[in-house]
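Visitor:
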Amino acid sequence: MASAPRPFRVLALVLLAATACGPRGCSQQASGPLVYVSNEGSDDLSVIDAASNRVIATIPVGKRPRGLRLSADGTRLYVAVSGSMRAPPGVDEDTLPPPDRTADGIALVDTKTRQVLRVLESGDDPESFDVTPDGQRLYVSNEDAARTSVVDVTTGKVTHAVPVGGEPEGVTLRPDGRFAWVTSEEDHHVYVIDTGTQAVVARIPVGGRPRAVAFTPDGAWAFVTAEQGRTVTRVDANTHQVQGTLTLPEAGAKPMGAGVSPDGRTLYVTTGRGKALAVIDVADWKVLRTVQDVGERPWGVGVTPDGKRLFTANGPSNDVSVIDPATGQVLARIPVGTLPWGIAISR
40 MASAPRPFRV LALVLLAATA CGPRGCSQQA SGPLVYVSNE GSDDLSVIDA
90 ASNRVIATIP VGKRPRGLRL SADGTRLYVA VSGSMRAPPG VDEDTLPPPD
140 RTADGIALVD TKTRQVLRVL ESGDDPESFD VTPDGQRLYV SNEDAARTSV
190 VDVTTGKVTH AVPVGGEPEG VTLRPDGRFA WVTSEEDHHV YVIDTGTQAV
240 VARIPVGGRP RAVAFTPDGA WAFVTAEQGR TVTRVDANTH QVQGTLTLPE
290 AGAKPMGAGV SPDGRTLYVT TGRGKALAVI DVADWKVLRT VQDVGERPWG
340 VGVTPDGKRL FTANGPSNDV SVIDPATGQV LARIPVGTLP WGIAISR
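Note that my numbering has the sequence shown beginning at 40, numbered continuously upward.
Right, dumping it as C-alpha coordinates:
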(Lines of atoms letter the chains of each structure in order from A and count residues from 1; the text may use other names and numbers.)
(Lines give C-alpha, C1' and ligand atoms only; values in the text may rest on other atoms or scores of the structure.)
Protein backbone atom coordinates (compact mmCIF):
# COMPACT_ATOMS: atom_id res chain seq x y z
CA MET A 1 0.00 0.00 0.00
CA ALA A 2 1.33 3.43 -0.89
CA SER A 3 2.18 5.71 2.02
CA ALA A 4 0.03 8.75 2.67
CA PRO A 5 1.12 12.10 1.22
CA ARG A 6 3.38 14.03 3.59
CA PRO A 7 0.80 16.76 4.52
CA PHE A 8 -1.64 14.07 5.64
CA ARG A 9 1.05 12.24 7.63
CA VAL A 10 1.92 15.52 9.40
CA LEU A 11 -1.74 16.18 10.18
CA ALA A 12 -2.12 12.67 11.59
CA LEU A 13 0.90 13.18 13.86
CA VAL A 14 -0.55 16.49 15.12
CA LEU A 15 -3.88 14.84 15.91
CA LEU A 16 -2.16 12.00 17.75
CA ALA A 17 -0.06 14.45 19.77
CA ALA A 18 -3.20 16.30 20.85
CA THR A 19 -4.79 13.13 22.24
CA ALA A 20 -3.63 10.92 25.09
CA CYS A 21 -5.19 7.44 25.24
CA GLY A 22 -5.23 4.97 28.07
CA PRO A 23 -7.30 2.15 29.56
CA ARG A 24 -10.11 4.59 30.43
CA GLY A 25 -10.30 6.15 26.99
CA CYS A 26 -8.75 9.12 25.24
CA SER A 27 -8.24 12.62 26.59
CA GLN A 28 -7.06 15.74 24.86
CA GLN A 29 -4.00 17.75 25.81
CA ALA A 30 -4.41 21.27 27.19
CA SER A 31 -3.03 24.56 25.94
CA GLY A 32 -3.67 26.51 29.15
CA PRO A 33 -3.96 25.95 32.91
CA LEU A 34 -6.06 22.95 33.92
CA VAL A 35 -9.22 23.32 35.97
CA TYR A 36 -10.03 20.20 38.02
CA VAL A 37 -13.66 19.87 39.13
CA SER A 38 -14.92 17.29 41.65
CA ASN A 39 -18.35 15.91 40.72
CA GLU A 40 -20.03 14.70 43.91
CA GLY A 41 -22.89 12.95 42.14
CA SER A 42 -21.04 11.13 39.35
CA ASP A 43 -18.00 10.01 41.40
CA ASP A 44 -15.46 11.56 39.05
CA LEU A 45 -13.42 14.61 38.13
CA SER A 46 -13.80 16.80 35.06
CA VAL A 47 -10.60 18.30 33.64
CA ILE A 48 -11.10 21.61 31.82
CA ASP A 49 -8.60 23.36 29.57
CA ALA A 50 -8.82 26.98 30.78
CA ALA A 51 -7.64 28.29 27.40
CA SER A 52 -10.43 26.68 25.39
CA ASN A 53 -13.10 26.22 28.11
CA ARG A 54 -13.49 22.56 27.09
CA VAL A 55 -13.60 19.38 29.15
CA ILE A 56 -10.62 17.36 27.96
CA ALA A 57 -10.79 14.40 30.37
CA THR A 58 -12.94 12.65 32.95
CA ILE A 59 -11.27 10.76 35.82
CA PRO A 60 -13.18 8.24 38.00
CA VAL A 61 -11.90 8.64 41.58
CA GLY A 62 -14.32 7.01 44.03
CA LYS A 63 -17.54 7.76 45.87
CA ARG A 64 -18.75 11.29 46.43
CA PRO A 65 -15.63 13.36 45.67
CA ARG A 66 -15.68 16.84 47.19
CA GLY A 67 -12.55 18.64 48.41
CA LEU A 68 -9.50 18.58 46.13
CA ARG A 69 -6.00 20.07 46.20
CA LEU A 70 -2.97 20.06 43.94
CA SER A 71 0.55 19.40 45.18
CA ALA A 72 2.92 22.37 45.03
CA ASP A 73 4.61 21.01 41.89
CA GLY A 74 1.30 20.11 40.24
CA THR A 75 2.20 16.46 39.67
CA ARG A 76 -0.32 15.08 42.16
CA LEU A 77 -3.96 15.82 42.80
CA TYR A 78 -5.55 14.85 46.12
CA VAL A 79 -9.33 14.24 46.22
CA ALA A 80 -11.53 13.55 49.27
CA VAL A 81 -13.90 10.63 48.64
CA SER A 82 -16.58 9.50 51.09
CA GLY A 83 -18.97 6.63 51.68
CA SER A 84 -21.41 8.80 53.62
CA MET A 85 -24.74 9.38 51.91
CA ARG A 86 -25.68 12.86 50.74
CA ALA A 87 -28.24 14.63 52.91
CA PRO A 88 -29.90 17.44 50.93
CA PRO A 89 -31.58 20.26 52.90
CA GLY A 90 -34.63 19.06 54.77
CA VAL A 91 -33.58 15.41 54.87
CA ASP A 92 -33.32 13.74 58.28
CA GLU A 93 -29.85 12.17 58.32
CA ASP A 94 -31.08 9.48 60.72
CA THR A 95 -33.22 8.08 57.90
CA LEU A 96 -30.26 7.57 55.55
CA PRO A 97 -28.60 4.20 54.91
CA PRO A 98 -25.44 3.51 56.95
CA PRO A 99 -22.22 4.91 55.49
CA ASP A 100 -19.73 2.77 53.59
CA ARG A 101 -16.57 3.49 55.56
CA THR A 102 -14.49 1.40 53.16
CA ALA A 103 -15.03 4.17 50.58
CA ASP A 104 -13.62 6.95 52.80
CA GLY A 105 -10.19 8.29 51.93
CA ILE A 106 -8.06 10.71 49.95
CA ALA A 107 -7.55 9.55 46.37
CA LEU A 108 -4.09 10.38 45.02
CA VAL A 109 -4.18 11.12 41.28
CA ASP A 110 -1.18 11.34 38.94
CA THR A 111 -1.93 14.49 36.91
CA LYS A 112 0.12 13.26 33.94
CA THR A 113 -1.43 9.83 33.51
CA ARG A 114 -4.74 10.89 35.09
CA GLN A 115 -4.88 7.65 37.05
CA VAL A 116 -5.61 7.06 40.74
CA LEU A 117 -2.34 5.81 42.23
CA ARG A 118 -3.67 4.87 45.66
CA VAL A 119 -6.13 5.94 48.36
CA LEU A 120 -4.80 7.37 51.63
CA GLU A 121 -6.49 7.05 55.01
CA SER A 122 -8.52 10.08 56.02
CA GLY A 123 -10.68 9.41 59.05
CA ASP A 124 -14.46 9.20 58.74
CA ASP A 125 -16.35 11.10 56.03
CA PRO A 126 -13.61 13.38 54.64
CA GLU A 127 -14.99 16.52 53.05
CA SER A 128 -12.37 19.26 52.87
CA PHE A 129 -8.63 19.19 53.48
CA ASP A 130 -5.36 20.89 52.66
CA VAL A 131 -1.81 19.74 52.00
CA THR A 132 1.30 21.16 53.66
CA PRO A 133 3.69 23.14 51.42
CA ASP A 134 6.27 20.32 51.58
CA GLY A 135 3.63 17.77 50.54
CA GLN A 136 4.29 15.58 53.58
CA ARG A 137 0.97 15.86 55.44
CA LEU A 138 -2.73 16.41 54.91
CA TYR A 139 -5.19 18.02 57.32
CA VAL A 140 -8.66 16.56 56.76
CA SER A 141 -12.04 17.55 58.19
CA ASN A 142 -14.07 14.57 59.42
CA GLU A 143 -17.59 15.93 59.43
CA ASP A 144 -19.21 12.96 61.17
CA ALA A 145 -16.53 12.74 63.88
CA ALA A 146 -15.96 16.38 64.95
CA ARG A 147 -12.23 16.12 64.40
CA THR A 148 -9.40 16.87 62.00
CA SER A 149 -7.23 13.97 60.88
CA VAL A 150 -3.53 14.49 60.15
CA VAL A 151 -2.36 12.14 57.39
CA ASP A 152 1.23 11.18 56.57
CA VAL A 153 1.35 11.17 52.78
CA THR A 154 4.28 8.75 52.55
CA THR A 155 2.67 6.04 54.65
CA GLY A 156 -0.90 6.96 53.79
CA LYS A 157 -1.86 6.63 57.47
CA VAL A 158 -3.57 8.93 59.98
CA THR A 159 -1.02 10.00 62.60
CA HIS A 160 -3.16 12.34 64.71
CA ALA A 161 -6.84 13.04 65.30
CA VAL A 162 -7.40 16.58 66.58
CA PRO A 163 -10.79 17.31 68.24
CA VAL A 164 -12.49 20.40 66.80
CA GLY A 165 -16.04 21.75 66.77
CA GLY A 166 -19.06 19.83 65.49
CA GLU A 167 -19.43 19.30 61.74
CA PRO A 168 -16.00 20.55 60.66
CA GLU A 169 -16.12 21.78 57.07
CA GLY A 170 -13.48 23.96 55.43
CA VAL A 171 -9.76 23.34 55.93
CA THR A 172 -7.05 25.72 54.71
CA LEU A 173 -3.41 26.01 55.72
CA ARG A 174 -1.84 29.42 56.12
CA PRO A 175 0.51 29.83 53.12
CA ASP A 176 3.61 29.23 55.24
CA GLY A 177 2.12 25.94 56.47
CA ARG A 178 2.44 26.87 60.16
CA PHE A 179 -1.27 26.67 61.00
CA ALA A 180 -4.29 24.76 59.72
CA TRP A 181 -7.62 26.58 59.99
CA VAL A 182 -10.77 24.45 60.29
CA THR A 183 -14.33 25.80 60.27
CA SER A 184 -16.98 24.27 62.54
CA GLU A 185 -20.51 24.56 61.17
CA GLU A 186 -22.08 23.51 64.44
CA ASP A 187 -20.46 25.91 66.89
CA HIS A 188 -19.76 28.82 64.50
CA HIS A 189 -16.03 29.05 65.17
CA VAL A 190 -12.76 28.48 63.37
CA TYR A 191 -10.23 26.21 65.06
CA VAL A 192 -6.55 26.99 64.46
CA ILE A 193 -4.20 23.99 64.69
CA ASP A 194 -0.45 24.42 65.15
CA THR A 195 1.03 22.05 62.55
CA GLY A 196 4.15 21.59 64.66
CA THR A 197 2.40 20.38 67.83
CA GLN A 198 -0.96 19.26 66.34
CA ALA A 199 -2.69 21.23 69.11
CA VAL A 200 -5.53 23.74 68.80
CA VAL A 201 -4.06 27.14 69.66
CA ALA A 202 -7.00 29.42 68.88
CA ARG A 203 -10.78 29.30 68.58
CA ILE A 204 -12.10 32.26 66.60
CA PRO A 205 -15.80 33.30 66.61
CA VAL A 206 -17.19 33.94 63.13
CA GLY A 207 -20.59 33.95 61.45
CA GLY A 208 -23.23 31.25 61.62
CA ARG A 209 -22.41 27.97 59.88
CA PRO A 210 -18.95 28.86 58.57
CA ARG A 211 -17.94 27.15 55.36
CA ALA A 212 -14.59 28.11 53.79
CA VAL A 213 -11.33 29.85 54.68
CA ALA A 214 -9.09 31.72 52.22
CA PHE A 215 -5.83 33.58 52.83
CA THR A 216 -4.05 36.41 51.08
CA PRO A 217 -0.89 35.09 49.37
CA ASP A 218 1.33 36.70 52.02
CA GLY A 219 -0.61 34.98 54.81
CA ALA A 220 -1.46 38.26 56.54
CA TRP A 221 -5.25 37.99 56.28
CA ALA A 222 -7.74 35.16 56.50
CA PHE A 223 -11.34 35.32 55.30
CA VAL A 224 -14.11 33.05 56.56
CA THR A 225 -17.44 32.66 54.78
CA ALA A 226 -20.55 31.94 56.84
CA GLU A 227 -23.74 30.65 55.26
CA GLN A 228 -26.12 31.92 57.91
CA GLY A 229 -26.42 35.68 58.17
CA ARG A 230 -24.70 36.30 54.78
CA THR A 231 -21.37 37.21 56.40
CA VAL A 232 -17.68 37.13 55.59
CA THR A 233 -15.25 37.64 58.50
CA ARG A 234 -11.79 39.16 58.09
CA VAL A 235 -9.19 37.88 60.57
CA ASP A 236 -5.61 38.92 61.25
CA ALA A 237 -3.91 35.62 60.46
CA ASN A 238 -0.97 36.35 62.78
CA THR A 239 -2.83 37.41 65.91
CA HIS A 240 -5.99 35.37 65.22
CA GLN A 241 -8.11 38.43 66.01
CA VAL A 242 -11.25 39.34 64.06
CA GLN A 243 -10.81 42.64 62.22
CA GLY A 244 -14.21 43.09 60.64
CA THR A 245 -17.36 41.32 59.48
CA LEU A 246 -19.00 42.13 56.17
CA THR A 247 -22.64 41.33 55.44
CA LEU A 248 -23.36 40.69 51.76
CA PRO A 249 -26.16 42.95 50.49
CA GLU A 250 -28.30 40.39 48.64
CA ALA A 251 -31.02 38.94 50.88
CA GLY A 252 -30.66 35.44 49.41
CA ALA A 253 -26.88 35.23 49.65
CA LYS A 254 -25.41 32.24 51.47
CA PRO A 255 -21.61 32.66 51.41
CA MET A 256 -19.88 29.38 50.55
CA GLY A 257 -16.60 29.12 48.63
CA ALA A 258 -13.83 31.73 48.70
CA GLY A 259 -10.81 32.56 46.58
CA VAL A 260 -8.29 35.41 46.56
CA SER A 261 -6.73 37.10 43.54
CA PRO A 262 -3.00 36.44 42.98
CA ASP A 263 -2.16 40.02 44.02
CA GLY A 264 -4.11 39.61 47.27
CA ARG A 265 -6.29 42.65 46.64
CA THR A 266 -9.61 40.99 45.83
CA LEU A 267 -11.69 38.31 47.52
CA TYR A 268 -14.23 36.28 45.55
CA VAL A 269 -17.12 34.59 47.40
CA THR A 270 -19.75 32.30 45.95
CA THR A 271 -23.24 32.68 47.43
CA GLY A 272 -24.78 29.24 46.98
CA ARG A 273 -28.53 29.54 46.55
CA GLY A 274 -28.01 33.26 45.99
CA LYS A 275 -26.73 32.23 42.52
CA ALA A 276 -24.12 34.98 42.56
CA LEU A 277 -20.47 35.84 43.14
CA ALA A 278 -19.46 38.66 45.47
CA VAL A 279 -16.33 40.63 44.56
CA ILE A 280 -14.80 42.21 47.67
CA ASP A 281 -12.02 44.79 48.04
CA VAL A 282 -9.70 43.43 50.73
CA ALA A 283 -8.14 46.75 51.80
CA ASP A 284 -11.32 48.83 51.89
CA TRP A 285 -13.36 45.83 53.07
CA LYS A 286 -16.38 46.49 50.91
CA VAL A 287 -18.28 44.74 48.13
CA LEU A 288 -17.15 46.11 44.78
CA ARG A 289 -19.77 44.29 42.72
CA THR A 290 -22.03 41.28 42.72
CA VAL A 291 -22.02 39.09 39.62
CA GLN A 292 -25.59 37.86 39.26
CA ASP A 293 -26.86 34.63 37.68
CA VAL A 294 -23.52 32.86 37.95
CA GLY A 295 -25.18 29.45 38.09
CA GLU A 296 -27.36 27.23 40.23
CA ARG A 297 -25.93 27.14 43.75
CA PRO A 298 -22.30 28.05 42.97
CA TRP A 299 -20.00 26.49 45.57
CA GLY A 300 -16.31 25.98 44.78
CA VAL A 301 -14.42 28.86 43.15
CA GLY A 302 -10.96 29.04 41.59
CA VAL A 303 -8.79 31.80 40.16
CA THR A 304 -6.32 31.27 37.29
CA PRO A 305 -2.65 32.05 38.08
CA ASP A 306 -2.80 35.27 36.05
CA GLY A 307 -5.97 36.38 37.84
CA LYS A 308 -7.84 36.92 34.57
CA ARG A 309 -10.45 34.17 34.89
CA LEU A 310 -12.65 32.75 37.63
CA PHE A 311 -14.34 29.35 37.62
CA THR A 312 -17.29 28.37 39.83
CA ALA A 313 -18.74 24.89 40.39
CA ASN A 314 -22.55 25.05 40.09
CA GLY A 315 -23.98 21.91 41.69
CA PRO A 316 -27.63 21.52 40.61
CA SER A 317 -27.02 22.75 37.05
CA ASN A 318 -24.08 20.35 36.53
CA ASP A 319 -21.84 22.98 35.02
CA VAL A 320 -18.94 25.34 35.65
CA SER A 321 -19.14 29.08 34.98
CA VAL A 322 -16.26 31.08 33.52
CA ILE A 323 -16.17 34.69 34.73
CA ASP A 324 -14.11 37.70 33.72
CA PRO A 325 -13.28 39.36 37.07
CA ALA A 326 -12.47 42.68 35.40
CA THR A 327 -15.97 43.09 33.92
CA GLY A 328 -18.06 40.71 35.99
CA GLN A 329 -19.26 39.03 32.82
CA VAL A 330 -20.10 35.32 32.72
CA LEU A 331 -18.22 34.23 29.60
CA ALA A 332 -19.27 30.59 29.40
CA ARG A 333 -21.09 27.73 31.13
CA ILE A 334 -19.26 24.42 30.72
CA PRO A 335 -21.19 21.15 31.23
CA VAL A 336 -19.34 18.76 33.57
CA GLY A 337 -20.34 15.75 35.69
CA THR A 338 -23.17 15.50 38.20
CA LEU A 339 -23.23 17.90 41.16
CA PRO A 340 -19.88 19.69 40.74
CA TRP A 341 -18.54 20.69 44.15
CA GLY A 342 -14.90 21.83 44.28
CA ILE A 343 -12.33 23.42 41.99
CA ALA A 344 -8.52 23.32 41.85
CA ILE A 345 -6.51 25.10 39.15
CA SER A 346 -2.99 24.21 38.02
CA ARG A 347 -0.21 26.75 37.71
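Don't be surprised by glycine CBs; every beta carbon is placed ideally from N, CA and C. Remember, it's a predicted structure, so these values are computed and weren't measured experimentally.
Should residue 91 go down as buried or exposed, given a rule of 16 or more other Cβ atoms within 10 Å for buried?
Guide: It counts as exposed.
Visitor: Tell me whether residue 105 sits in a helix, a strand or coil according to DSSP, three-state version.
Guide: Correct three-state label for residue 105: coil.
Visitor: Within the same chain, show all residues whose beta-carbon is closer than 6 Å to that of residue 71, passing over the 5 residues directly before and after it, in chain order.
Guide: The answer, listed in chain order, is 88, 89 and 90.
Visitor: Going by beta carbon distance, what residues of the same chain come within less than 6 Å of residue 227, once the five residues before and after it are set aside?
Guide: 247
Visitor: Under the assumption that residue 316 contacts residue 362 (Cβ atoms under 8 Å), give the Cβ distance between them as a whole number of angstroms.
Guide: 6 Å
Visitor: What's the C-alpha gap between residue 215 and residue 258?
Guide: 7 Å
Visitor: Could you check which residue in 285, 262 and 268 has the C-alpha nearest to that of residue 276?
Guide: 262
Visitor: Exposed or buried, which one is residue 256 when buried takes at least 16 other CB atoms within 10 Å?
Guide: Residue 256 comes out exposed.
Visitor: Could you check where the beta strand (DSSP E) with residue 181 kicks off and where it finishes?
Guide: Per DSSP, the unbroken beta strand (DSSP E) holding residue 181 starts and ends at 176-181.
Visitor: Could you give the distance in angstroms between the alpha-carbon of residue 339 and the alpha-carbon of residue 236?
Guide: 30 Å
Visitor: Does the beta-carbon of residue 111 have 16 or more other beta-carbons within 10 angstroms, so that it is buried, or is it exposed?
Guide: exposed
Visitor: With 16 other CB atoms within 10 Å as the buried threshold, where does residue 314 fall?
Guide: Classification for residue 314: buried.
Visitor: Can you grab the Cα-Cα spacing for the pair residue 230 / residue 199, in whole Å?
Guide: 16 Å
Visitor: What are the residues that DSSP puts in a beta bridge with residue 379?
Guide: 78
Visitor: Check for me: the beta strand (DSSP E) holding residue 207 runs from which residue to which?
Guide: Looking at the DSSP string, the run of the beta strand (DSSP E) that includes residue 207 is 207-212.
Visitor: Would you kindly check if the distance between the Cβ of residue 161 and the Cβ of residue 138 is under 7 Å?
Guide: no
Visitor: Please classify residue 283: does DSSP put it in a helix, a strand, or coil?
Guide: strand
Visitor: State buried or exposed for residue 283, treating a residue as buried only when at least 16 other CB atoms are found within 10 Å of its CB.
Guide: Counting other Cβ atoms within 10 Å of its Cβ, residue 283 stays below 16 and is therefore classed as exposed.
Visitor: Please determine, among 93, 149 and 168, the residue with the shortest C-alpha to C-alpha distance to residue 35.
Guide: Absent from the model: residue 35. The displayed extent of the chain is 40 to 386, so no value can be given.
Visitor: Quick one, are the C-beta atoms of residue 385 and residue 73 less than 7 Å apart?
Guide: yes
Visitor: Whole angstroms are fine: how far does the CA of residue 286 sit from the CA of residue 336?
Guide: 19 Å
Visitor: My output table needs one value for residue 134: the three-state DSSP class, helix, strand or coil.
Guide: helix
Visitor: Apart from the five residues just before and just after residue 163, which ones in its own chain have a Cβ nearer than 7 Å to its Cβ?
Guide: 140, 143, 181, 183 and 184
Visitor: Could you spell out where the beta strand (DSSP E) holding residue 325 opens and where it closes?
Guide: 325-330
Visitor: Could you check what DSSP says for residue 198 in three-state terms: helix, strand or coil?
Guide: strand
Visitor: Put residue 374 into one of helix, strand or coil per three-state DSSP.
Guide: strand
Visitor: Identify every residue that forms a DSSP beta bridge with residue 353.
Guide: 337 and 358
Visitor: Measure the C-alpha to C-alpha separation of residue 379 and residue 279 and round it to an integer number of angstroms.
Guide: 32 Å
Visitor: For a quick check, are the C-beta atoms of residue 76 and residue 359 less than 7 Å apart?
Guide: yes
Visitor: Going by DSSP in three states, residue 388 sits in which element: helix, strand or coil?
Guide: Residue 388 falls outside the range modelled here, since the chain spans only 40 to 386, and no answer is possible.
Visitor: Can you check DSSP and say which residues form a bridge with residue 272?
Guide: Beta-bridge pairing links residue 272 to 263 and 284.
Visitor: Would residue 201 pass as a contact of residue 232 if the rule is Cβ separation under 7 Å?
Guide: yes
Visitor: For residue 88, write down the residues that DSSP places opposite it in a beta bridge.
Guide: 73 and 93
Visitor: Which one of 342, 373 and 381 has the shortest CA to CA distance from residue 94?
Guide: 373
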